[in-house]
Amino acid sequence: MKTRSIAITILGALALAAVIHAQQTPPLPPPRPGFSFPLKQTLTYEVDWRVFTAGTAVVRFEADGARENLTASADTSGAINLIYHLSDRFQSSFDRAGGCTDDFNKQTVEGRRQVSSTLHIDYAQKRSVLNEKNLVTGQSKLMETPVPGCVTDLLTGVYYAASQPIALGHNFVIPVVDAMHIVPVTMKVEGREVIKTPLGVFKTLRVQPTADTGVVKNRGNIWIWYTDDERHLPVQMRARSFWGTITFRLTGNENK
């Protein structure tokens, strides 16, 4: 009986901490005046791991009335497939006016790990619901967590940042729903750089996303290079961790 009481106390404390954390998280800043998300656009990235060409990532924007649908795929290729096969699919839907994510789905095949998950955010009920299934073992789990208000997701956040006034000396915070946590991610604008990709040479602003918890912290150091213009197009992304450095370089940009 005593053990059960302790367990209930711990669970209650964790639930209360989640609510307090959600309440303290800053709201998602709205897009800057005059900014518009693409009606149709496809971005293609070449992915390098250490000194190897590792694969390709494709991101697609599609306007659907007041909403924006974002899909992405990432697949390994060549010799990397013999070391570690990866095939991931992501889908996100968010409000074009405010950027609030409603749904975020992903299907992950990474080595022997195969997981499918759906995340639905109910702003009226101030909660997010995660339904996750391990496709290898067949095990499923359903979890809920409170949300403070408008938030973005891990995929959309990279591109939603383009709607903000990215400038030297101006850092900003975006709340990101990360599995069952709401994580404030600080976008630190570090400096200007000229970046060369297979698509051309770009004047960019280098931004480092940082967070105290969640996948952003667990991925090591991350940088995103946005074009230094009104588009703020992410032309290069890099993650550096103990397993090496992975770099995404823009190779294609189709507006149709």
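If you read the sequence shown in our numbering, its first letter stands for residue -6, the second for the next number, and so on.
Yeah, the Cβ is synthetic: ideal placement off N, Cα and C, and Gly gets one too.
Relative to the Cα of Y116, the nearest Cα in the group R105, V166 and V170 belongs to V170. Going by DSSP, V169 is part of the beta strand (DSSP E) stretching over F165 to D171. Around the beta carbon of P227, 16 or more other beta carbons sit within 10 angstroms, so the residue counts as buried. Note that the region 51 to 66 touches the region 29 to 40; at least 3 beta-carbon pairs, one per stretch, sit closer than 8 angstroms.
Restricted to the region 36 to 92, the beta strand (DSSP E) segments that are unbroken, complete and at least 3 residues in length are 45 to 57, 60 to 69 and 79 to 88, listed in chain order. Taking a C-beta distance under 7 angstroms as the contact criterion, T101 and T145 do not qualify as a contact pair. Closest in alpha carbon position to T197, among A204, A155 and R233, is A155. Along the region 96 to 184, the beta strand (DSSP E) occurs as fully enclosed runs of 3 or more residues at 106 to 115, 120 to 127, 133 to 139 and 165 to 171, listed in sequence order. Comparing C-alpha distances from H174 to each of T149, T240, L123 and S80 shows the shortest one belongs to L123. G237 is classed as exposed because its beta carbon has fewer than 16 other beta carbons within 10 Å across all chains shown. For L32, no beta strand (DSSP E) encloses it, and the DSSP letter there is neither H nor E. Under the DSSP assignment, T220 falls in the beta strand (DSSP E) whose first and last residues are N214 to T220. Taking 8 angstroms as the upper bound for CB-CB distance, E183 and Q157 are not in contact here, some 15 angstroms apart. Around the CB of K189, fewer than 16 other CB atoms lie within 10 Å, so the residue is classed as exposed.
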